[in-house]
Every structure is written in structure tokens, then in C-alpha cells.
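Asks:
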Amino acid sequence: MAHLGQLGLLLALALAAYGMVAAFAGASPRRAAWLESARLAAFAVLLVVLVVNAAMLIALLTDDFSVRYVAENSSTATPVFFKTLSLWASDDGSLLLWNLVLAGYGAAVAWRFRRDRPAGFPVALGVMFLVQSFYLLLVNGPSRPFATLATAPLDGRGPAPLLQNHPLMAVHPPFLYLGFIGFTVPFAFAIASLVSGSQPDRWVEVIRGWTIAVWTFLTVGLALGALWSYSVLGWGGYWAWDPVENVALLPWLVATAFLHSVMLQRRSGMATLWNVGLVIGAFALTTFGTFLTRGSVLTSIHAFADSSIGPAYLTFLTVVLLGGFGLVVWRLPLLRSPARMDSLLSREAALVGNNVLLLAATGIVLLGTVFPMVAEALFDEQLTVGRPYFESAVTPVFLLLLLLMGVGPLLPWRRGTPGRALQRLRLPAVAAALLMVVLTLAGVRSTGAVVGLGLAALVVVGTGRELVRGVRRDGGARRVLRGSRRYGGLLVHVGLAILAAGVIASSALGQEGEVTLAKGETATFAGHELRYDGLQTDRQPNRTVLTVALTVTGGGGDELRLDPRLNLYPAASEPIASPAIDRGPVWDLYTSVISLQDNGDSATIRVLHTPGVNWLWLGALLMVLGGVLAGWPRRVRRRRDPATADGHVPPVVATGARP
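Take a look at the structure:
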């Protein structure tokens with residue numbers, strides 16, 4: 088498998104390099120055969136990289152510890168399911184999956200534009216091959232996933248404990264990869280448009296559907312990551328502003344801004360320059376994110392100096408930034424638009440404000456993520472930027488975003504009147520005001536929570552009313568799909584408002600505590616009585632599971648059994664906690680083991696009473712459904728030409744003459 092994998096990687100690199108040359112050569116109309124050859128090369132690269140990934144998977148499943156990656160990331164005791172997940176357990180293996188997903192996007196582009204090819208398609212395909220060549224160079228040089236050991240050990244070290252602690256790891260990383268890597272497609276077409284000087288409106292329309300798909304994948308990946316953190320890590324939260332989390336959020340924010348400004352370009356001829364910059368920026372941020380997470384930068388800036396893969400990423404990122412924005416400067420006369428905003432009381436103004444706020448949030452998160460690394464590089468000081476900075480800086484921005492989300496869709500294009508705007512905002516504003524009054528009377532003392540939940544209600548009521556009105560007006564599923572762009576966008580707004588309400592409620596209104604209980608002892612928390620019934624030990628092939636038995640009695644006298652666990656893995660220096668959660672539509676009761684004393688005769692338990700946390704998953708689900716609806720392909724009816732209605736080809740086509 089090692090020889091097959093290494094030969095496959097070399098062959099894939101040769102095919103990608105050939106495809107890049109053939110695609111760029113095929114940009115000339117006289118060399119159409121070269122372009123067709125490049126298209127076929129895209130399918131060949133996908134096939135070869137698929138074989139390479141299969142070779143690594145076989146090595147993992149057959150415990151081939153002569154392969155260094157298998158010895159470091161699997162073991163004989165690892166269950167088959169988690170052996171499969173070991174394919175992306177560390178950098179070397181995840182780069183194989185990265186190349187597979189990238190090759191899949193390249194083949195999808197080659198298939199989608201097999202007949203109807205937009206201007207700049209050859210250059211776009213060449214750019215995708217160029218990106219593919221870079222990542223294949225990594226696995227053929229600095230990173231060697233199929234490197235072998237001189238003496239194969241009898242057993243491997245096993246996957247990282249957190250990667251084999253919950254099945255969500257089967258879907259969370261792949262969706263993030265689909266989102267991250269997918270930004271290569273809009274980036275490639277943006278570069279192609281700049282190189283060829285084609286009409287800006289055309290390339291934006293070509294990549295719109297691809298960008299929505301990528302945005303949806305990334306939304307799923309982020310939501311699954313939050314769910315994994317909440318359900319697996321045992322600390323009670325779902326977002327910690329960790330650098331790895333931040334670098335996944337950054338391209339999502341920029342892509343969201345792009346999908347909004349596309350409407351400005353389509354409806355008003357504005358934001359042409361902005362759109363090109365956003366696409367290049369989103370791709371650059373994905374490259375920056377992989378640079379931070381895979382280049383040993385997050386471990387230490389000094390470790391980066393010893394890394395072989397970090398400098399390669401940094402070089403590639405520099406090429407992307409200089410090349411992309413250099414082309415933007417070159418094409419500035421083409422990208423400047425004479426269109427101007429007619430009124431501040433218009434949807435165009437709301438969209439511009441929306442994008443300014445999204446980019447402000449991007450800058451805040453980027454600054455907080457990068458600053459500790461810059462400080463260490465310049466002053467050799469270890470600094471951390473924690474939750475207080477991010478929450479205090481980002482919260483006002485997101486509250487303003489909620490306000491614009493509630494107001495923007497209700498404003499007309501071009502120019503509106505204050506009277507009409509107030510009429511459409513009356514019901515949502517009243518609903519928001521009533522909710523804020525009720526929350527204040529109920530004893531909620533956090534002004535930010537009251538305002539935030541009120542703004543979320545403004546969005547849900549206003550946007551939801553527009554959504555219901557539109558569906559009633561159009562009637563029928565087929566007619567709704569014809570207007571899927573608008574309905575999908577409205578559904579995304581409703582979902583984001585519900586998600587925001589969940590974030591606000593769970594972070595501002597929750598209760599948290601710790602209790603230490605001896606066996607048979609009880610404690611009261613948030614109206615619940617908890618009794619510790621003892622410890623159970625389960626020895627499994629790859630771990631030892633310590634289960635704490637808790638009986639929870641609610642206010643109504645009903646009893647519930649919760650079983651939080653500590654998992655002991657041979658490769659882990661500390662136990663990994665798995666919480667037990669009583670989930671509900673309004674609140675969750677969350678329990679997690681902190682420590683055990685006296686051989687399990689007593690236990691210290693973290694307990695949280697968290698309102699609204701499940702609204703996060705509901706909101707994320709609605710956002711994903713909205714993304715699918717917005718990107719749903721609409722069938723275009725082709726008008727039949729009377730000249731060809733009887734099956735005969737007009738002479739102008741038959742002779743090949745130009746009309």
C-alpha cells in the first residue's frame with residue numbers, strides 16, 4: 088500500500104501539472120483539443136487520488152504499521168469505525184482527503200462546463216489545476232503520508248482520544264473540508280475574469296450557485312463543530328473562540344458578505360470591485376487558516392521555524408494575495424462601476440451596511456487570532472486573547488447585523504419612503520418591543536440579552552411574515568422553487584435569528600455550578616435534585632469507561648437517569664469527559680464529571696441549566712435548508728427556434744458560417 092500510494096501521488100502530481108499546462112494552452116480558440124485534454128485530466132486526477140486514499144484506508148484497516156502514519160494514528164485495539172476516521176486524524180492523512188475533495192471539485196467543474204463554457208473557463212480550470220498541484224506537491228515533499236518505518240512496531244499509538252470519542256468526527260471534518268476547499272471554484276473564476284477581462288456580471292452569475300453550495304457546506308461544518316464541542320468535550324459550551332474555530336469562521340463571514348453584495352451587482356450594477364475582492368479574500372482566508380492549523384504556527388511561532396510545511400503554505404498565501412489583488416489593481420478601470428446608491432432608505436443601503444458590519448466582524452476576529460502570534464514573533468512573549476475581547480468587540484457588531492437583517496428585507500430597492508417603511512416595520516417592531524418588556528418584567532437584567540432577543544424577534548416576525556406572504560402568493564411547491572433565491576435567503580435570515588437567540592439565551596441566562604456528592608448523597612440545583620448512585624467501570628478494547636450514575640428528580644417529581652462518563656485512553660495523559668444531557672425545547676440540563684475521589688465513592692459534577700441552546704441547532708438547520716433552497720437549480724426553458732422546429736438545421740449553422 089505504501090508503494091501504491093506514493094506512486095499514485097507522483098502520478099496525480101504529473102497529471103495535475105499537465106492539466107494546468109493544457110488548460111492554459113486551451114485558452115486559445117485554435118487549441119480546443121488542449122482544453123478537452125485538460126478536462127479529461129481532471130477526471131484522471133480524481134481517479135488516481137481516490138486510489139491513493141483507498142490505499143491509505145486499506146493500510147489503516149489491515150494494521151500495516153510499516154507505514155509511519157498508520158503506526159502513529161491507529162492501533163489493533165481501535166474499532167474499525169474509528170480506524171476509518173483515522174484517515175484524517177492528523178496533518179499528513181488529512182492532506183490526502185484535502186486533495187481528494189479538491190480533485191472532486193475540479194472534476195465537477197470539468198463536468199458541469201463540458202458544453203456550455205463561460206468566458207475564461209480554460210483559465211479557471213488552469214487555476215484549479217495550479218492549486219491542486221500545490222497540495223499534491225505538499226504530499227510528495229514536505230508531508231509524506233506513505234513514509235515507511237525501518238522496523239514496523241507490533242502495535243500503533245492509536246488515534247487522538249478526542250477523535251475516537253464520538254461519531255460526529257465522521258462528518259464534522261469532511262463538511263469543513265467541503266466548505267474550505269470549495270472556495271477554490273469561485274476564486275478560479277474570479278482570477279479567470281480578471282485575466283481575460285470578460286464582463287464582471289457573467290462570472291458572478293456563474294459562481295453564484297457554487298458559492299452558495301460551499302457556504303452551505305461550511306455552515307454545516309461549523310454547526311457540527313459546535314454540536315461536537317457541546318456534546319463531547321464536557322465543558323458545557325459550544326464555542327470557545329479558539330484559533331482553530333476562528334479560522335473556520337473567517338471565510339464564512341466573507342462568503343456571507345459576497346452572497347449579499349452579489350444582489351447589489353445584479354440589481355443595481357454596484358459592488359463589482361467589492362465582489363472580486365471578497366472572493367479573493369475568502370480564498371486567501373481559507374489558505375491562511377490551513378497555514379495556521381497545519382504549519383505548526385498555533386503550537387508556537389518557534390515551532391514554525393522548524394516546520395517544513397509551514398513555509399510552503401506561507402509562500403502559497405503570499406502568491407495568492409499578491410497575484411489576486413495585483414490583478415485587481417490591473418483591472419481597476421474595468422471593475423469600477425458608475426452606479427450609485429439612490430437613497431439611504433433602500434435595500435441597497437441595508438446591504439452595504441450589512442457588508443461593512445460583516446467585514447468589521449472579520450477584522451475583529453482576525454486581529455484577535457493573529458495578535459498573539461505577532462507578539463510572540465516580535466517580542467518573544469506568550470500572550471492570549473480570550474473570550475472577553477471577542478465577546479465585547481463582536482457583540483455590538485452582531486446586534487447591528489440583527490437590526491439590519493430585520494429591516495433590510497422590508498425596504499424597497501432604489502428608493503423608499505419613511506411612511507411605507509414604518510408601515511411594514513410596525514408589526515415586527517411591536518413584537519420586538521413586547522418581548523423586551525416581558526423579559527425585563529421577568530427579571531432579565533442583562534441589557535444586551537434583552538436587546539438581542541428583541542432584535543431576534545424583529546427578524547423572525549418581519550422576515551417570517553414576508554416568507555409566509557410570498558409562499559401564499561405564489562402557491563405550490565414548483566412555483567416556490569422558481570423563486571427559490573428569495574425564499575432561501577429569507578429562510579436563512581430566520582434561521583440565523585433563531586440561532587442568535589439561542590446564543591444569547593444560553594450565554595446570558597444560564598446557570599452553572601459544581602456539586603461534590605458521596606454515594607447516595609443528594610444536592611439541589613436549579614429546581615432539580617441530583618443523587619449520586621455510584622460508579623460503573625467498563626473495560627473496552629481501546630479504552631476504559633467510568634460511568635457515574637445520577638438520578639435527577641424534577642420539580643414535578645419525575646425521575647430521570649443521567650450517566651456522564653470519564654473515558655481513559657492509553658495515549659491520553661488525562662481522562663476525557665463525556666457529558667450526559669437532558670435535552671429539551673426550552674432548556675437543557677447538562678452534567679459532566681470533573682473528578683472522582685476515594686475510588687469512586689464520591690464524585691464532583693459540573694451541572695448547567697442552559698436555556699435556548701437547542702435553538703442553535705434548529706437555527707443552523709433552517710440556515711442549511713435556506714442555502715439549499717437558494718441554490719436550487721432552476722430549469723431554464725429554451726425557446727424553440729421556428730427555423731429548427733422541423734428538425735432541419737439552418738444553412739448558417741450547417742455551413743459553419745458566422746452569423
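For the sequence shown, the positions run 88 to 746 when the numbering used here is used. Cβ atoms here follow ideal geometry from the backbone N, Cα and C, with glycine treated the same way. Please read all numbers here as calculations on a predicted model, not as lab measurements.
Using three-state DSSP, classify residue 674 as helix, strand or coil.
Replies: Stepping through the sequence shown from its first residue, residue 674 is reached at position 587. Residue state, collapsed to three classes: strand.
Asks: By the three-class DSSP mapping on this structure, what secondary structure does residue 377 have?
Replies: As a working note, residue 377 is residue 290 in the sequence shown. Here residue 377 sits in helix by DSSP.
Asks: Can you tell me whether residue 93 is buried or exposed, with buried defined as 16 or more other CB within 10 angstroms of its CB?
Replies: Taking the first residue of the sequence shown as 1, we reach residue 93 at position 6. Per the 10 Å Cβ criterion, buried.
Asks: Within a Cβ cutoff of 6 Å, which residues of the same chain sit near residue 305, ignoring the five residues on either side of it in sequence?
Replies: As a position in the sequence shown, residue 305 is number 218, starting the count at 1. Cβ within range, chain order: 266, 339.
Asks: Tell me, to the nearest whole angstrom, how far the beta carbon of residue 174 is from that of residue 183; I am working on the premise that it is less than 8 Å.
Replies: As a first step, residue 174 must be located in the sequence shown, where it is residue number 87. As a first step, residue 183 must be located in the sequence shown, where it is residue number 96. Indeed, because the Cβ distance is near 7 Å, the residues count as touching under 8 Å.
Asks: Measuring only the C-alpha atoms, how far is residue 388 from residue 237?
Replies: In the sequence shown, the residue the question calls residue 388 occupies position 301. In the sequence shown, the residue the question calls residue 237 occupies position 150. Per-residue confidence for residue 388 stands at a pLDDT of 46, beneath the threshold of 50, marking its modelled position as unreliable; the derived number appears in the next sentence. Straight-line Cα distance between these residues: approximately 32 Å.
Asks: If you follow the alpha helix (DSSP H) that residue 455 is part of, which residue opens it and which one closes it?
Replies: Translated into positions along the sequence shown, residue 455 becomes position 368. 434-466 is the extent of the alpha helix (DSSP H) around residue 455.
Asks: I'd like to know if the region 110-127 and the region 153-164 are in contact, where contact means that at least 3 CB-CB pairs between them fall below 8 Å.
Replies: Taking 8 Å as the limit for Cβ pairs, the verdict is that the region 153-164 does not touch the region 110-127.
Asks: Inspect the beta-carbon positions of residue 313 and residue 342 and report whether they are closer than 8 Å.
Replies: Within the sequence shown, residue 313 is the residue found at index 226, counting from 1. Within the sequence shown, residue 342 is the residue found at index 255, counting from 1. Not in contact: residue 313 and residue 342 (Cβ atoms no closer than 8 Å).
Asks: Could you check where the alpha helix (DSSP H) with residue 219 kicks off and where it finishes?
Replies: As a position in the sequence shown, residue 219 is number 132, starting the count at 1. That run of the alpha helix (DSSP H) goes 208-227.
Asks: In the DSSP assignment, what residue or residues form a beta bridge with residue 610?
Replies: For the purposes of this step, residue 610 is taken as residue 523 along the sequence shown, with counting starting at 1. The partner list for residue 610 (beta bridge, DSSP) reads 617.
Asks: Can you give me the C-alpha to C-alpha distance between residue 401 and residue 316, rounded to a whole angstrom?
Replies: Taking the sequence shown and counting its residues from 1, one reaches residue 401 at position 314. Taking the sequence shown and counting its residues from 1, one reaches residue 316 at position 229. Whole-angstrom Cα-Cα distance: 29 Å.
Asks: Please classify residue 700 as buried or exposed, where buried requires at least 16 other C-beta atoms within 10 Å of its C-beta.
Replies: On the sequence shown, position 613 is the one that residue 700 refers to. By the 10 Å Cβ count, residue 700 comes out buried.
Asks: Going straight from the alpha carbon of residue 656 to that of residue 634, what length do you get?
Replies: The residue you call residue 656 lines up with position 569 of the sequence shown. The residue you call residue 634 lines up with position 547 of the sequence shown. About 15 Å.
Asks: Given that a residue counts as buried once 16 or more other Cβ atoms are within 10 Å of its Cβ, and exposed if not, what is residue 166?
Replies: Numbered from 1 along the sequence shown, position 79 holds the residue referred to as residue 166. With fewer than 16 other Cβ atoms within 10 Å, it is exposed.
Asks: Where does the unbroken beta strand (DSSP E) through residue 689 begin, and where does it stop?
Replies: Translated into the one-based positions of the sequence shown, residue 689 becomes position 602. Note, residue 689: beta strand (DSSP E), 689-698.
Asks: Could you tell me the alpha carbon to alpha carbon distance between residue 398 and residue 464, rounded to whole angstroms?
Replies: Position 311 of the sequence shown, counting from 1, holds the residue named residue 398. Position 377 of the sequence shown, counting from 1, holds the residue named residue 464. Rounded to whole angstroms, residue 398 to residue 464 spans 15 Å at the Cα level.
Asks: Which two residues bound the contiguous alpha helix (DSSP H) that contains residue 178?
Replies: Here residue 178 refers to the residue found at position 91 of the sequence shown. It spans 178-199 - the alpha helix (DSSP H) in which residue 178 sits, taken as one unbroken run.
Asks: Beta carbon of residue 597, beta carbon of residue 703: below 8 Å?
Replies: As a working mapping, residue 597 is identified with position 510 in the sequence shown. As a working mapping, residue 703 is identified with position 616 in the sequence shown. Cβ atoms of residue 597 and residue 703: not closer than 8 Å.
Asks: In angstroms, rounded to a whole number, what distance separates the CA positions of residue 381 and residue 256?
Replies: Taking the first residue of the sequence shown as 1, we reach residue 381 at position 294. Taking the first residue of the sequence shown as 1, we reach residue 256 at position 169. The straight-line gap from Cα to Cα measures roughly 18 Å.
Asks: Just to confirm, are residue 491 and residue 544 a CB contact at a threshold of 8 Å?
Replies: By 1-based counting over the sequence shown, the position of residue 491 is 404. By 1-based counting over the sequence shown, the position of residue 544 is 457. Contact flag unset, no.
Asks: I'd like the ranges of any beta strand (DSSP E) spanning at least 3 consecutive residues and lying wholly in the region 503-588.
Replies: With a minimum length of 3 residues, no continuous beta strand (DSSP E) run stays inside the region 503-588.
Asks: Counting contacts by CB-CB distance shorter than 8 Å, is residue 95 in contact with chain B?
Replies: No chain B appears in this structure, which consists of one protein chain only.
Asks: Over what stretch of residues does the alpha helix (DSSP H) that includes residue 140 continue unbroken?
Replies: The sequence position of residue 140 within the sequence shown is 53, counting from 1. Note, residue 140: alpha helix (DSSP H), 119-148.
Asks: Under a Cβ-count criterion, where at least 16 other Cβ atoms within 10 Å of its own Cβ denotes burial, should residue 145 be classed as buried or exposed?
Replies: Residue numbering aside, residue 145 sits at position 58 when the sequence shown is read from its first letter. Under this definition residue 145 is an exposed residue.
Asks: Taking contact to mean 3 or more Cβ pairs, one atom from each stretch, closer than 8 Å, check whether the region 452-471 and the region 513-527 are in contact.
Replies: With the cut-off at 8 Å, the region 452-471 and the region 513-527 do not touch.
Asks: If you measure between the beta carbons of residue 95 and residue 128, is that distance less than 8 Å?
Replies: What you label residue 95 is simply residue 8 of the sequence shown in a count that begins at 1. What you label residue 128 is simply residue 41 of the sequence shown in a count that begins at 1. No. Outside cutoff.
Asks: My assumption, with CB atoms under 8 Å, is that residue 308 sits in contact with residue 262. Please give the rounded CB distance.
Replies: Taking the first residue of the sequence shown as position 1, residue 308 is located at position 221. Taking the first residue of the sequence shown as position 1, residue 262 is located at position 175. Indeed, because the Cβ distance is near 4 Å, the residues count as touching under 8 Å.
Asks: Where does residue 407 land, buried or exposed, given buried means 16+ other C-beta within 10 angstroms?
Replies: In the sequence shown, counting from the first residue as 1, residue 407 sits at position 320. Buried.
Asks: By how many angstroms is the C-alpha of residue 197 removed from the C-alpha of residue 104?
Replies: Numbered from its first residue, the sequence shown carries residue 104 at position 17. Numbered from its first residue, the sequence shown carries residue 197 at position 110. The straight-line gap from Cα to Cα measures roughly 16 Å.
Asks: Measure the CB-CB distance between residue 209 and residue 293 and report whether it falls below 8 Å.
Replies: Sequence index remark: in the sequence shown, residue 209 carries index 122 (1-based). Sequence index remark: in the sequence shown, residue 293 carries index 206 (1-based). Not a contact, by the Cβ cut-off of 8 Å.
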